[in-house]
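Everything on this sheet refers to the single structure shown next.
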Amino acid sequence: MNAAFFDTNIVAYAAHSTAADATKRDLARRLMQTREVTTSTQVMMELYQVLRRKLAYGAEAAMQWIQTLQNDNVVAVSPVDVVRAMEISHRHSISHWDGLILVAAQRADLEIVYSEDLNHGQAYGSVRVCNPFLEDFLA
């Protein structure tokens, strides 16, 4: 099974069940079932907020998803990671939150980050971003 880092947006699609996002939901779920999932404490916190505030999940339902991620590989974000994320964000003109995703993936020695927020195909040091919802990814 190939290991990869999963950004919050991909996991949120896997959790969401509206008809409008059914294709993305199904793709995200399939990807999470066929890859060794790695996330970070940041992803867990962001996912909880997305599920509760944007998707109107109850606390228990949101916690079930968080507990599911807890069973996977989770990178605990450190103060050193925060500084590195800020450096990456300045270097690549991305948000510090996205920089922290990249730092966590690098710490986990992963080559792939699945994300809808960062530039598909772009390499950030040793990590390359893949948007699994783009046609060239699906081909």
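Number 62 in full-length UniProt numbering belongs to position 62 of the sequence shown; there are no gaps in the numbering. We put the beta carbon where it would ideally sit given N, CA and C, even for glycine. Please read all numbers here as calculations on a predicted model, not as lab measurements.
Check	Outcome
Three-state secondary structure assigned by DSSP to A85	helix
V103 beta carbon less than 7 Å from that of D72	no
The ligand FAD heavy atom lying under 6 Å from the CB of L69	Annotation note on the ligand FAD: not contained in the displayed structure, which lists no ligands.
Sequence-distant residues of its chain with Cβ nearer than 6 Å to T8 (five each side left out)	V43, E46, L47
Residues sharing a beta bridge with R128, DSSP	I112, A123
Whether V75 touches A108 by CB criterion (7 Å)	yes
Residue from D98, Q33, A14 with nearest C-alpha to S40	D98
In DSSP terms, what F133 is bridged to	DSSP output for F133 lists no bridge partner at all.
Beta-carbon proximity check, A85 vs H96, cutoff 7 Å	yes
Contacts around L69, its chain only, beta-carbon distance under 8 Å, and the 5 residues preceding and following it disregarded	V11, V37, T39, V43, M44, L47
Backbone secondary structure at N9 - three-state DSSP	helix
Nearest-angstrom Cα separation, counted from Y13 out to G58	17 Å
Range covered by the alpha helix (DSSP H) that runs through R107	96-107
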